[in-house]
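Residue numbers (my numbering): 940 to 1169.
Built from N, CA and C at the ideal position, the CB exists for glycine as well.
Comments concern the structure below.
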């Protein structure tokens, strides 16, 4: 068997050391605004609605963006730390060099989203949706993705490490070169679409869950020989 090709290196966000501290409210942000080189901390930007918003070279810490509705936003060199994006909808977003840590993205929707050089760590993304999204050099580490929706997403080369993929949906996804290491697979759907991916599990229980999911996708019944008679 050929050796698995190592995951591509992901570029870190490029932030200046002396960011400008700012205080903003949703009412102060308009369509096509450019938010550049800002330090945003403990801000409530819930239910922000904007089109073609640009956020660049900025760090957001403990900011609340739950329920925000952004159409075609552009994010470049952004750090999100302990932020809340629950039920946010960022349609056709273009994201380059972003790091997300210890954040809540339950119910986040990113249809048509494009991610390039993005890491997501220690975050909750249950019921998130990435339909038709494109991932390039993206890595999820220690994330919970229960019931996440990756239908028709391009996950080629994406890395999932120690992620909970319980009942996640991968139907019609592209996953050639993707890596799934020590993930939880209980009830995962659409696993037959992960052709070309590498799955590695140290836990026999998780390996069995992968086997069961694959068997279900191929309409194969797994049985004990003792139950089949002589």
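Residue from the options with nearest C-alpha to residue i
| i | options | result |
| --- | --- | --- |
| residue 1019 | 985, 1048, 1091 and 1060 | 1060 |
| residue 975 | 989, 999 and 1126 | 999 |
| residue 996 | 1031, 953 and 966 | 953 |
| residue 1069 | 1041, 1029, 1076 and 1063 | 1029 |
| residue 1090 | 1108, 1040, 956 and 981 | 1108 |
| residue 979 | 1017, 986 and 966 | 1017 |
| residue 1103 | 956, 1080, 1096 and 1092 | 1080 |
| residue 1066 | 1041, 1095 and 1046 | 1046 |
| residue 1033 | 1140, 994 and 1155 | 994 |
| residue 1043 | 1085, 1115 and 1149 | 1085 |
| residue 1077 | 1083, 1010 and 1054 | 1054 |
Contact under 7 Å by Cβ, residue i with residue j
| i | j | result |
| --- | --- | --- |
| residue 1021 | residue 949 | no |
| residue 1111 | residue 1134 | no |
| residue 883 | residue 1074 | Past the edges of the chain, shown from 940 to 1169, lies residue 883, and the structure says nothing about it. |
| residue 1087 | residue 1124 | no |
| residue 970 | residue 989 | yes |
| residue 1023 | residue 1049 | no |
| residue 1001 | residue 981 | yes |
| residue 977 | residue 959 | yes |
| residue 1129 | residue 1106 | no |
CA-to-CA distance, residue j to residue i, given in whole angstroms
| i | j | result |
| --- | --- | --- |
| residue 972 | residue 984 | 15 Å |
| residue 1015 | residue 1160 | 47 Å |
| residue 1137 | residue 1027 | 31 Å |
| residue 1114 | residue 1092 | 9 Å |
| residue 1035 | residue 1097 | 15 Å |
| residue 1150 | residue 1095 | 22 Å |
| residue 1101 | residue 1008 | 30 Å |
| residue 1145 | residue 1041 | 24 Å |
Residue i beta carbon near the ligand PLP (any heavy atom closer than 6 Å)
| i | result |
| --- | --- |
| residue 951 | The model depicted lacks the ligand PLP and carries no ligand whatsoever. |
| said: At 3 residues or longer, what runs of the beta strand (DSSP E) sit wholly inside the stretch 978-1035? | reply: 988-990, 993-1000, 1008-1010, 1013-1020 and 1028-1030
| Mind pulling the beta strand (DSSP E) runs of 3 or more residues that sit fully within the stretch 1101-1138? | 1118-1120
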